[in-house]
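*Asks:* Per our numbering: the sequence shown = residues 1 to 161. Beta carbons: idealized from backbone N, C-alpha and C, even for Gly.
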Amino acid sequence: LTGMMIGMTLATKPEEIYRALIEATAYGTNIIIDAFQSSGVEVNEIVACGGLPEKNEMLMQIYADVTNREFKVAASAQTCALGSAMWGAVAAGKARGGYDDINEAAAKMARVKDKTYKPNPEAHAVYAKLFEEYKKLHDYFGRGQNDVMKRLKAIKEEQHG
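(1) Taking the continuous alpha helix (DSSP H) assigned at Y27, which residues delimit it?
(2) What are the boundary residues of the beta strand (DSSP E) that includes K118?
(3) At the level of alpha carbons, what is the spacing between I102 and K13?
(4) Per DSSP, V47 forms a beta bridge with which residues?
(5) If you run the structure through DSSP and keep just helix, strand and coil, what is N103?
(6) Is V90 helix, strand or coil by DSSP?
(7) I'd like to check one pair, Y127 with V66: are the Cβ atoms closer than 9 Å?
(8) Near N146, what residues of its chain come up, given a Cβ to Cβ distance below 6 Å and the 5 sequence neighbours on each side ignored?
(9) Suppose contacts are defined by Cβ-Cβ distances below 9 Å. Is A35 in contact with I62 by that definition?
The following block contains the structure:
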């Protein structure tokens with residue numbers, strides 16, 4: 001996994017770099033959503049998990065604006081453990097106090113927070129234009145249309161082992 005930052009000047013501020021890094025991850029999420037959709041997998045709901053979604057409202061709003069989708073945040077801070085518990089309940093089965101399938105277990109055991117991050121149409125309009133440029137750069141540098149990132153990595157490895 002490699003990356004780059006484009007458009008920086010001597011006047012670029014640290015907070016602009018921070019925001020650009022968040023936006024880049026949101027664009028990456030948008031590419032994943034598009035890949036699911038184009039493969040016939042509908043993305044009907046997005047629930048973000050973990051510490052960042054719980055603690056960073058700006059991150060969540062950027063994700064909603066970039067993807068033009070609503071984002072919910074899981075109520076549990078321990079979603080990995082909760083997911084394991086759900087699968088354990090499915091393995092136990094209804095006869096032993098569990099559930100017959102993962103959808104039933106999730107419906108009974110998982111919760112989301114009350115706050116939903118909704119896309120801002122004006123912000124999305126700007127992000128949609130930027131996303132078109134991002135995809136061109138992503139494909140050119142990251143999808144084999146140009147091996148510059150591989151060559152740069154090879155040069156670094158030659159120098160530093």
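*Replies:* With the structure as the only source:
(1) In the sequence shown, the residue the question calls residue 27 occupies position 27. It spans 14-38 - the alpha helix (DSSP H) in which Y27 sits, taken as one unbroken run.
(2) In the sequence shown, the residue the question calls residue 118 occupies position 118. Neither: K118 is in no beta strand (DSSP E) and is coded neither H nor E.
(3) Here residue 102 refers to the residue found at position 102 when the sequence shown is read from its first residue. Here residue 13 refers to the residue found at position 13 when the sequence shown is read from its first residue. Rounded to the nearest angstrom, the two C-alpha atoms are 46 Å apart.
(4) Indexing the sequence shown from 1 puts residue 47 at position 47. Beta-bridge pairing by DSSP links V47 to K72.
(5) As a first step, residue 103 is located in the sequence shown; it is residue number 103 there, counting from the start. DSSP places N103 in helix when its eight states are reduced to three.
(6) Taking the first residue of the sequence shown as position 1, residue 90 is located at position 90. Looking at V90 - three-state DSSP - the assignment turns out to be helix.
(7) Looking up residue 66 in the sequence shown gives position 66. Looking up residue 127 in the sequence shown gives position 127. In this structure, Y127 lies closer than 9 Å to V66 by Cβ.
(8) For the purposes of this step, residue 146 is identified with residue 146 of the sequence shown, where counting begins at 1. Within the same chain, Cβ atoms closer than 6 Å to the Cβ of N146 are found at Y140, the five residues on either side in sequence being excluded.
(9) If you number the sequence shown from 1, residue 35 lands on position 35. If you number the sequence shown from 1, residue 62 lands on position 62. No; because the gap between Cβ atoms is not below 9 Å, this pair is not in contact.
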